[in-house]
Amino acid sequence: MDPEAVSPQTVGPQVGEERPEARLEQAVRVAEQALIEFEIAVETFRVEVENFSRLHHQKLGPMYARLDELDALIAEARAARTGDPEDLRRAQEARAAVLPMPGVDELFNDWIDTDGLSPEAAAMLTDRPVQPPKRVRPGEEARRLYRELARKAHPDLAREEDERKRREEFITRVNAAYARGDEALLRELSAEWEAGPVPAEERLSESEELYARLEWLAERKDMLSAVARELEESAIGAMLRMAPDDPDRLLEEIAEQLLAQVSERENELAGLVQ
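Numbering (UniProt numbering), first residue to last: 1 to 274.
(1) Could you say which of Asp156, Glu163 and Glu148 lies nearest to glutamate 183 if we only look at CA atoms?
(2) Look up alanine 270 in the DSSP assignment and say whether it is helix, strand or coil.
(3) From Ala260, Arg241, Leu258 and Arg151, pick the residue whose C-alpha is nearest to that of valine 49; which is it?
(4) State the DSSP-derived secondary structure class of alanine 158, mapped to helix, strand or coil.
(5) Could you give the residue range of the alpha helix (DSSP H) that holds proline 246?
(6) Sort Ala22, Phe38, Gln26 and Glu25 by Cα distance to alanine 220 and report the nearest one.
(7) Could you tell me whether the region 226 to 240 touches the region 39 to 46, where touching means 3 or more Cβ pairs closer than 8 Å?
(8) To the nearest angstrom, how far is it from the Cα of leucine 145 to the Cα of histidine 56?
(9) Excluding five sequence neighbours on each side, which residues of the same chain lie with their C-beta closer than 7 Å to the C-beta of arginine 54?
(10) Go ahead and label arginine 151 buried or exposed: buried means 16 or more other beta carbons lie within 10 angstroms of its beta carbon, across all protein chains shown.
(11) Can alanine 65 and alanine 75 be called in contact, C-beta distance under 8 Å?
This is how it looks when you write it as structure tokens:
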């Protein structure tokens, strides 16, 4: 063999050569960040669905109830006129579909929180004007602060169990503030995180640990995907997808349609009872 054919570059590990685990470690870091971004998106959509559902019920619930009552009254008036057994059956079904008035516990179920009575409940009990519903989604600044905090403090970035628990408790508070769209509290939490203990440097991972981490991340992604699908396929989620940029306007449009239906039913009922 020609000694000159064997160059120094082909023998043994070279200076600056990448560690065998380096590419795997990088893949884990990329997967972690991608999962965090996905989780932020899912949590944001969950908050929007929850808020839209609450406002949908608060604003449009009485209109739906009025339509049900009018349908029952119309069916009963028609049955009284005709005496037809089939009309009588339809009238009974329509009346059965009308929801009864809720009890006191049900009425105040959503009006009591950890601070006592909500502003809406307090206003009702003191005869003060009830404030208009809050926006369907947190404002842009709240969304920015939430994303920033989620990226910095996400529990998936912890390597030690104590650090994970600290992050989980903190993120729970962040999620609660975000769900209320509380920008001031999110700023306070951001300052609190910056002033908190600096997480320990991550220790060098072995290949087995990295593979296990990738497997866990994949399972977590599958779980979040299932949650996202459930939200998207829900009735409220489907409505939100109709107007992702202006869900408040969607509520207004639905309210206008329901008011038109109420007017039509009232006219029909008036014609039957004359």
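Built from N, CA and C at the ideal position, the CB exists for glycine as well.
Short version:
(1) Here residue 183 corresponds to residue number 183 of the sequence shown, with the count starting at 1. That would be Glu148, whose Cα lies nearest to the Cα of glutamate 183.
(2) Along the sequence shown, read from residue 1 onward, the residue named residue 270 stands at position 270. Residue state, collapsed to three classes: helix.
(3) The sequence position of residue 49 within the sequence shown is 49, counting from 1. Of the listed residues, the one whose Cα sits closest to valine 49 is Arg241.
(4) As a first step, residue 158 must be located in the sequence shown, where it is residue number 158. Alanine 158: coil per DSSP, three-state reduction.
(5) As a first step, residue 246 is located in the sequence shown; it is residue number 246 there, counting from the start. This sequence places aspartate at residue 246; proline is not what is there. From DSSP, aspartate 246 is part of no alpha helix (DSSP H); its letter is neither H nor E.
(6) On the sequence shown, position 220 is the one that residue 220 refers to. The sequence shown places arginine at residue 220, rather than the alanine named in the question. It is Phe38.
(7) Yes: at least three Cβ pairs fall under 8 Å.
(8) Taking the first residue of the sequence shown as 1, we reach residue 145 at position 145. Taking the first residue of the sequence shown as 1, we reach residue 56 at position 56. Taking the straight line from one Cα to the other gives about 26 Å.
(9) Here residue 54 refers to the residue found at position 54 of the sequence shown. Nothing meets the Cβ criterion.
(10) By 1-based counting over the sequence shown, the position of residue 151 is 151. Result: exposed.
(11) Here residue 65 is taken as the residue at index 65 of the sequence shown, counted from 1. Here residue 75 is taken as the residue at index 75 of the sequence shown, counted from 1. Result no, Cβ atoms of alanine 65 and alanine 75 do not sit closer than 8 Å.
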